[in-house]
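Student: My questions all concern the structure below.
Protein chains: 2
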Amino acid sequence: MSDFPEKASRPAPQGAMKHREPGSEREMLFARRVPTGDSQPRDICGHCGFIHYDNPKIVVGSVVTHTTESDGERFLMCRRAIEPRKGFWTLPAGFMEHGETTEDGARREAREEANADIRIRDMLAIYNIPRIGQVQIMYRAELASPNFSAGPESLEVALFKWEDIPWGELAFPSVHWALTQFRAAAGQTVIAPFTNPEGETGGRFPPRAP
Amino acid sequence: MSDFPEKASRPAPQGAMKHREPGSEREMLFARRVPTGDSQPRDICGHCGFIHYDNPKIVVGSVVTHTTESDGERFLMCRRAIEPRKGFWTLPAGFMEHGETTEDGARREAREEANADIRIRDMLAIYNIPRIGQVQIMYRAELASPNFSAGPESLEVALFKWEDIPWGELAFPSVHWALTQFRAAAGQTVIAPFTNPEGETGGRFPPRAP
């Protein structure tokens, strides 16, 4: 998956309502009430009794750099082949799956989206986007080899020098946050993870390129 | 919620099977196949077509200390009133809910389980427990006031000096990890978050008390 961050589990609907789950095959009747033994109201399917424990989802990804003598430090970015934000540039990132760790997931996303093997260095940031029920965990990483190419969810993959990053064509605000916070921490070997920029919740882009 | 960490969303069942969701009101027939437009197999309800995107869940919590001249540094712990591990000691922590940030969630859990207001300082650790589909995000925090008492999910709440922590009665391995890593980072103002101790996945306790 690489739905980062605009499509995701939206917060549970309020009150009894009909709705269609993303990709579901027919409409369902969910009613919102407190299940036996719980303290919070949950969505319960009127057809089958399924209790939908809908908690925030984790996105894992990384700022991947590749540094050479000739070109200096460059940043690995992917141009999205899928909605949302098809055609815009993002970092390799996507929904964490069962059976993997957060670091496994970040490595898998780099393989899937950029056919790239990465070495994870440390955690760069944790972003909260409550509006779409996401927690994004971003790592600092580097290419383990200089090979990469577009995976099925990318139109193209490229290494950008800092000054060439397509700031006007970024897919999501948190791509901007991660890149600028990575840059702010350059040279620091131990960092406390960054969080959302003050007052930002993911609904808008920073006013201008850094 | 305070199901930390032994009860949670287990990984999705393999193959077509009947199963009862925790707390569900009747048995459901889920079949495992790839939904239209997806690349991964998911569990799809044979009754209603519900697609269960079952991703890892986030537990948020904190190591909360309270320091006074007379008693020095003490650690806030809760004795569980609910299964799993009823009667054992844990840190205030539980499942993150929609509409809150990870820090909001850690503060809410301290209020719910210990009637305590806490001030969060920074991130202590991120633990991966893939077997039960959990990512645990633990903060360093302190009591904002010296008031606390047992919430509905706690039998009792207490402040322990380090040497009095009930090491033999801890609820979960990650409680042990968080306390010992907190101690290891004493005096460090900037820390990179700790992760699982080498080789540990949450299935066993460390061999002895620190």
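Going line by line, the protein sequences match chains A and B.
Under the numbering used here, think of the first position of the first sequence as 965, with each following residue one higher.
Under the numbering used here, think of the first position of the second sequence as 965, with each following residue one higher.
Each residue gets a CB set at the ideal place from its N, CA and C atoms; glycine is no exception.
Keep in mind that this is a model prediction, so the values were computed, not measured.
1. Give a yes or no on contact between the segment 1057 to 1067 of chain B and the segment 1147 to 1157 of chain B, applying the rule of three or more CB pairs nearer than 8 Å.
2. What are the residues in the segment 1068 to 1093 of chain B lying within 7 Å of chain A by C-beta distance?
3. List, in order along the chain, the chain B residues whose C-beta lies closer than 7 Å to that of A:A1142?
4. Between which two residues does the beta strand (DSSP E) carrying B:A1156 extend?
5. Can you tell me the Cα-Cα spacing of B:T1031 and B:P1161, whole angstroms?
6. Name the chain A residues whose beta carbon is nearer than 9 Å to that of B:D1128?
7. When the Cβ atoms of the segment 1142 to 1152 of chain A are set against those of the segment 1106 to 1122 of chain A, are three or more pairs found closer than 8 Å?
8. Select from the segment 1024 to 1043 of chain A all residues with a C-beta closer than 8 Å to any C-beta belonging to chain B, and list them in chain order.
9. Can you give the Cα-Cα distance for A:E914 and A:A1148, rounded to whole angstroms?
10. Considering only residues of the segment 1087 to 1143 of chain A, which uninterrupted alpha helix (DSSP H) runs meet the minimum length of 4 residues and lie entirely inside it, listed in chain order?
11. Let's see if you can read the secondary structure: which residues bound the beta strand (DSSP E) around A:E1037?
12. Out of B:E1037, B:D1068 and B:V1028, state which residue places its alpha-carbon closest to the alpha-carbon of B:K1125.
13. By how many angstroms is the C-alpha of B:A1078 removed from the C-alpha of A:L993?
14. Relative to the C-alpha of B:V1028, which candidate in B:G1151, B:M1060 and B:L1088 has its C-alpha closest?
15. If you measure from the CB of B:T1144, is any heavy atom of the ligand ADP nearer than 7 Å?
16. According to the Cβ coordinates, are A:V1099 and A:G1058 closer than 8 Å?
17. Can you confirm whether B:M1060, when its beta carbon is compared against all beta carbons of chain A, has any partner nearer than 8 Å?
18. Roughly how far, in whole angstroms, is the beta-carbon of A:A1045 from the beta-carbon of A:L1119, given that I think they are within contact range, below 8 Å?
19. Count the other CB atoms, across all protein chains shown, that sit within 10 Å of the CB of A:N1111; report buried if there are 16 or more and exposed otherwise.
20. Which residues, taken in chain order from the segment 1132 to 1158 of chain B, show a beta carbon closer than 8 Å to some beta carbon of chain A?
21. Using the three-state DSSP reduction, which class does B:A1080 fall into: helix, strand or coil?
22. Nearest CA to the CA of B:L1123: which residue from B:F1136, B:K1021, B:P1056 and B:G1163?
23. Give the DSSP bridge partners of B:A1173, in chain order.
24. Since B:G1097 meets chain A, which of its residues come closer than 7 Å, beta carbon to beta carbon?
25. Measure the beta-carbon distance from A:C1012 to B:C1009 and round it to whole angstroms, keeping in mind my assumption that it falls under 8 Å.
26. Which chain B residues are close to A:K1021, counting only those with a beta carbon under 7 Å from its beta carbon?
Tutor: A quick look at the data gives this:
1. The segment 1057 to 1067 of chain B, when compared against the segment 1147 to 1157 of chain B, does not touch it at the 8 Å Cβ threshold.
2. For the segment 1068 to 1093 of chain B, which is checked against every Cβ of chain A, the residues closer than 7 Å are D1086, M1087, I1090 and N1092.
3. Chain order gives no chain B residues near A:A1142, where near means a beta carbon separation below 7 Å; the closest approach is about 16 Å.
4. From DSSP, B:A1156 is part of no beta strand (DSSP E); its letter is neither H nor E.
5. Using only the alpha carbons, I get a separation of about 27 Å.
6. Neighbours of B:D1128 across chain A, judged by C-beta separation under 9 Å, do not exist; the nearest C-beta is about 30 Å away.
7. The segment 1142 to 1152 of chain A is not in contact with the segment 1106 to 1122 of chain A.
8. Residues passing the 8 Å Cβ filter: none.
9. This structure gives no information on residue 914 of chain A, because the portion of chain A shown stretches from 965 to 1174.
10. For the segment 1087 to 1143 of chain A, there is no continuous alpha helix (DSSP H) assignment of 4+ residues that stays within its boundaries.
11. Counting along the chain, the beta strand (DSSP E) containing A:E1037 begins and ends at G1036 to R1044.
12. With distances taken between CA atoms, B:K1125 lies nearest to B:E1037 out of B:E1037, B:D1068 and B:V1028.
13. When rounded, the distance between both Cα atoms is 37 Å.
14. The shortest CA-to-CA distance from B:V1028 to any of B:G1151, B:M1060 and B:L1088 is the one to B:L1088.
15. Although the ligand ADP was asked about, the structure shown includes no ligands whatsoever.
16. No, the pair does not count as a contact, with Cβ atoms beyond the cut-off.
17. It does: the Cβ of B:M1060 has a partner Cβ on chain A nearer than 8 Å.
18. Separation of the CB atoms of A:A1045 and A:L1119 is rounded to 5 Å, and the pair is thereby assigned contact status at 8 Å.
19. Its Cβ having fewer than 16 others within 10 Å, A:N1111 is exposed.
20. Hits within the stretch, in order: V1154, I1155, A1156 and P1157.
21. If DSSP states are grouped into helix, strand and coil, B:A1080 belongs with coil.
22. With respect to the C-alpha of B:L1123, the residue from B:F1136, B:K1021, B:P1056 and B:G1163 having the closest C-alpha is B:P1056.
23. Beta-bridge pairing links B:A1173 to no other residue.
24. Below the 7 Å Cβ cutoff, chain A contributes H1062 as neighbours of B:G1097, in chain order.
25. In this structure, A:C1012 and B:C1009 form a Cβ contact; the two beta carbons are roughly 6 Å apart against a cut-off of 8 Å.
26. Within 7 Å Cβ-Cβ: N1019.
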